[in-house]
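Residue numbers (this note's numbering), protein chains in the order written: chain A, 2 to 328; chain B, 2 to 328. The beta-carbon is built from N, C-alpha and C at its ideal position, and this holds for glycine as well. Since the model is a prediction, treat every value here as computed from it, not as a measurement. These notes are about the structure you will find just below.
There are 2 protein chains.
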Amino acid sequence: MRCRRCRAAAVIEIRRNNAAYCKTCFVQVFREHVKRTIERHDMVAAGDRILVAVSGGKDSLALWDVLLDLGHDATGLYLGLGIGAYSGRSREVVQGFAAARGAALVEVDLERDYGFDIPTAGARGARSTCAVCGLSKRYVFNRAALEGGFDVVATGHNLDDEAATLLGNTLRWQTEYIARQAPVLPAKEGLVKKVKPLHRLSELETAAYAFLRGIDYVVEECPLVAGNTQLRYKEAMNAIEAGSPGTKAQFFLGYLERGMPLFATADDVDLRPCERCGQPTTGRFCAFCRARAQALGERIDALVEDGEVVGELADEVLPAEIYGRTG
Amino acid sequence: MRCRRCRAAAVIEIRRNNAAYCKTCFVQVFREHVKRTIERHDMVAAGDRILVAVSGGKDSLALWDVLLDLGHDATGLYLGLGIGAYSGRSREVVQGFAAARGAALVEVDLERDYGFDIPTAGARGARSTCAVCGLSKRYVFNRAALEGGFDVVATGHNLDDEAATLLGNTLRWQTEYIARQAPVLPAKEGLVKKVKPLHRLSELETAAYAFLRGIDYVVEECPLVAGNTQLRYKEAMNAIEAGSPGTKAQFFLGYLERGMPLFATADDVDLRPCERCGQPTTGRFCAFCRARAQALGERIDALVEDGEVVGELADEVLPAEIYGRTG
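Structural data, given as structure tokens:
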């Protein structure tokens with residue numbers, strides 16, 4: 002096989018494009034694709050300060066790499082989750098990348114800054130480990146961006162991630178989550194703009210990019226993810242894709258084109274500041290503060306000045322042994 | 002295990018209900034479920050004449066059986082598809098059931114009445130065999146019901162069928178198909194009311210019912226269905242269901258509750274009579290007449306009196322060798 006652009010020997014075939022590329026051209030095509038995606042969706046304005054959420058995996062490091070190469074003002078954000086050796090290795094990889102590229106890196110650590118880690122929160126809380134991890138990331142990304150004066154948070158979600166998430170949300174018809182799966186979520190009161198510049202690129206493409214660019218990334222899955230429903234949705238999507246190539250892209254991109262407009266009205270919620278931390282939420286306390294209180298064994302209402310009993314929270318999320326006695 | 006209702010030895014466990022039943026009680030529970038579904042969705046009014054589409058499989062015969070037992074005026078409709086021994090055996094089974102129950106049976110045969118069979122239409126036409134088969138069934142069911150003066154067409158689609166179809170429609174975001182997956186489609190000009198009284202029952206339940214009632218049904222899959230995308234969607238749903246029991250029901254019933262209302266506006270099409278057969282369609286000729294013309298090697302426009310060239314059809318569905326010369 003020959004490279005579509007320069008006719009040199011190809012190293013990767015992208016079936017979706019019906020094309021093969023040599024290393025140099027693939028890296029360039031990937032970069033141009035991200036550039037076009039950013040432009041087409043108005044993801045970043047001139048002079049914007051971008052905060053890139055980097056886990057140490059291929060997707061987020063590939064994204065940071067491209068953003069820097071495209072000349073953007075892109076600071077990394079690493080969140081320490083406290084998942085033993087896995088988190089240690091992730092941190093090293095991220096720090097190594099930042100040093101090699103001379104890029105700015107912000108570090109937040111759940112244990113140091115908030116007093117709990119993900120394994121504890123998963124074990125003690127009412128939500129699954131992956132759910133607590135997800136909401137903690139969303140919380141910290143937004144808060145760090147607000148406090149650091151960033152204009153936009155960029156994450157490395159790829160097409161496989163988005164298709165699997167959409168499948169999960171659709172299987173449960175979680176219309177408010179479906180409505181929020183846009184590649185750009187504009188800023189709104191207390192919420193920084195969020196963008197996903199890799200949402201049209203497959204996992205294979207981001208892995209190939211990271212590999213061909215010689216980026217050192219964490220290959221292992223998170224050790225807590227085994228049996229995770231998201232993984233099962235990915236497997237189901239892969240099985241369907243194997244029989245009907247192109248289904249994944251058709252599903253997610255078809256959603257953006259024809260599905261999303263129908264769900265837009267479902268995402269009409271009123272936000273107000275969390276009574277504990279001030280971050281935007283729909284209830285009295287945000288999901289992060291509630292999960293944190295569970296992990297720390299605290300009674301969240303004891304920290305609120307008026308001391309009012311918050312019955313609906315007890316019924317909703319907090320387990321009886323932590324929260325029941327106030328009711 | 003003991004029967005939930007009578008404490009006799011159970012023969013079947015229904016996990017969804019968290020209950021087990023003996024043969025007599027299961028048959029009764031199944032029948033009551035169908036009765037309640039019919040009532041809740043106003044599927045059948047007093048005195049309605051029902052036409053039940055029966056393929057010879059477990060679902061449609063179980064449905065016919067229950068409708069007769071519930072005292073409905075339910076005539077069977079068998080459509081001969083011309084799929085060799087499979088169609089022969091299906092017809093025998095349906096005729097045997099009708100004779101044993103003393104029930105009225107209408108027979109339509111594609112070859113005898115329309116001059117083609119499904120294998121030929123699949124091989125010659127622009128659509129897949131399963132697509133031609135599906136549209137032919139929908140056409141014949143509606144036309145036979147109209148011409149026979151029936152008030153409602155009932156089909157045996159079960160929860161597994163509906164979930165797999167919804168998955169396929171959603172993966173492609175075919176919003177107009179999604180909108181039409183309701184368990185009741187009301188009558189509209191030229192279209193008879195359609196109902197699916199088994200839409201909340203799993204394949205396992207309908208098979209158990211047919212087995213326990215001693216109904217002789219065709220167990221084999223259609224020989225043309227191998228590699229069918231619907232089968233792959235069923236497999237994907239089964240894989241997800243194995244990891245997260247209840248997903249199938251959650252998906253389809255959640256759609257009915259929260260999804261369907263969002264798609265309702267997408268199903269706003271204007272129908273007019275097909276210029277060839279008079280049945281309702283969105284274009285000049287209905288999909289059945291176009292598929293039939295392909296199977297017979299006819300030029301569909303040659304049959305239209307004004308002789309006008311129908312350019313958009315040539316581009317859309319008909320292959321060039323049949324249709325191109327008129328353009």
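Extent of the continuous alpha helix (DSSP H) to which residue i belongs
i, result
"isoleucine 241 of chain B", "230-244"
"valine 368 of chain B", "Residue 368 of chain B cannot be examined here, being either before or after the span of chain B that is shown, 2 to 328."
"tyrosine 140 of chain B", "130-148"
"glutamine 295 of chain A", "288-297"
"threonine 176 of chain B", "176-180"
"methionine 261 of chain B", "261-264"
"alanine 63 of chain A", "59-70"
Terminal residues of the beta strand (DSSP E) in which residue i lies
i, result
"glycine 89 of chain B", "Segment 85-102 is the alpha helix (DSSP H) holding glycine 89 of chain B; no beta strand (DSSP E) there."
"glycine 255 of chain B", "Careful: glycine 255 of chain B lies outside any beta strand (DSSP E), inside the alpha helix (DSSP H) at 248-255."
"arginine 50 of chain A", "50-54"
"glycine 77 of chain A", "74-81"
"alanine 227 of chain B", "Where alanine 227 of chain B is concerned, there is no enclosing beta strand (DSSP E), given that its DSSP letter is neither H nor E."
8 Å Cβ cut-off: residues of chain A touching residue i
i, result
"arginine 233 of chain B", "Ala240, Ile241, Gly244, Ser245"
"tyrosine 256 of chain B", "Trp174"
"threonine 230 of chain B", "Gly244, Ser245"
Where residue i falls: helix, strand or coil (DSSP)
i, result
"isoleucine 13 of chain B", "strand"
"glutamate 112 of chain A", "helix"
"leucine 202 of chain B", "coil"
"aspartate 118 of chain B", "coil"
"tyrosine 22 of chain B", "strand"
"lysine 194 of chain A", "strand"
"leucine 168 of chain B", "helix"
"leucine 106 of chain A", "strand"
"proline 187 of chain A", "coil"
"arginine 125 of chain A", "helix"
"arginine 3 of chain A", "strand"
"arginine 273 of chain B", "strand"
"threonine 207 of chain A", "helix"
"threonine 38 of chain B", "helix"
"glutamate 306 of chain A", "Note that glutamate 306 of chain A scores 46 on pLDDT, short of 50, meaning its location in the model is unreliable; the coordinates nonetheless yield the value given after this. Looking at glutamate 306 of chain A - three-state DSSP - the assignment turns out to be coil, as it is neither helix nor strand."
Interface residues of chain B facing residue i [CB-CB closer than 7 Å]
i, result
"arginine 259 of chain A", "Trp174, Thr176"
"alanine 237 of chain A", "Ala237, Ala240, Ile241"
Chain B contact residues for residue i, given Cβ-Cβ distances below 9 Å
i, result
"phenylalanine 264 of chain A", "Leu263"
Residue burial classification, residue i (beta-carbon count within 10 angstroms, cutoff 16)
i, result
"glycine 260 of chain A", "buried"
"cysteine 2 of chain B", "Sequence inspection shows methionine at residue 2 of chain B; the cysteine mentioned does not correspond to that position. Burial call: exposed."
"lysine 197 of chain B", "buried"
"arginine 90 of chain B", "exposed"
"aspartate 1 of chain A", "Chain A is shown only over 2 to 328; residue 1 of chain A falls outside these bounds and no answer can be derived."
"aspartate 162 of chain B", "buried"
"serine 129 of chain A", "exposed"
"valine 220 of chain B", "exposed"
"alanine 46 of chain A", "exposed"
"proline 184 of chain A", "buried"
"asparagine 143 of chain B", "buried"
"glutamate 204 of chain B", "buried"
"asparagine 170 of chain B", "buried"
"proline 120 of chain B", "buried"
"threonine 1 of chain A", "Shown here, chain A extends from 2 to 328; a query on residue 1 of chain A therefore has no answer."
Neighbour list for residue i in chain B, Cβ cutoff strictly below 8 Å
i, result
"alanine 227 of chain A", "Going along chain B, no residue has its Cβ under 8 Å from alanine 227 of chain A, so there is no contact; the nearest lies around 12 Å."
"alanine 156 of chain A", "At residue 156 of chain A the sequence reads threonine, which differs from the alanine that was named. In chain order: nothing, as chain B lies at least about 24 Å away."
"phenylalanine 252 of chain A", "Thr171, Leu172, Arg173, Trp174"
Neighbouring residues, chain A, relative to residue i (Cβ below 9 Å)
i, result
"threonine 248 of chain B", "Leu172, Arg173"
Scan the segment 166-194 of chain A for residues whose Cβ lies nearer than 7 Å to a Cβ of chain B and list them as they occur along the chain. Using a CB distance below 7 Å, the part of the segment 166-194 of chain A facing chain B consists of Thr171, Leu172, Arg173, Trp174, Thr176, ordered along the chain.
Between the segment 115-143 of chain B and chain A, which residues of the former have CB atoms less than 7 Å from a CB of the latter, in chain order? So the list is empty, because no residue satisfies the distance condition.
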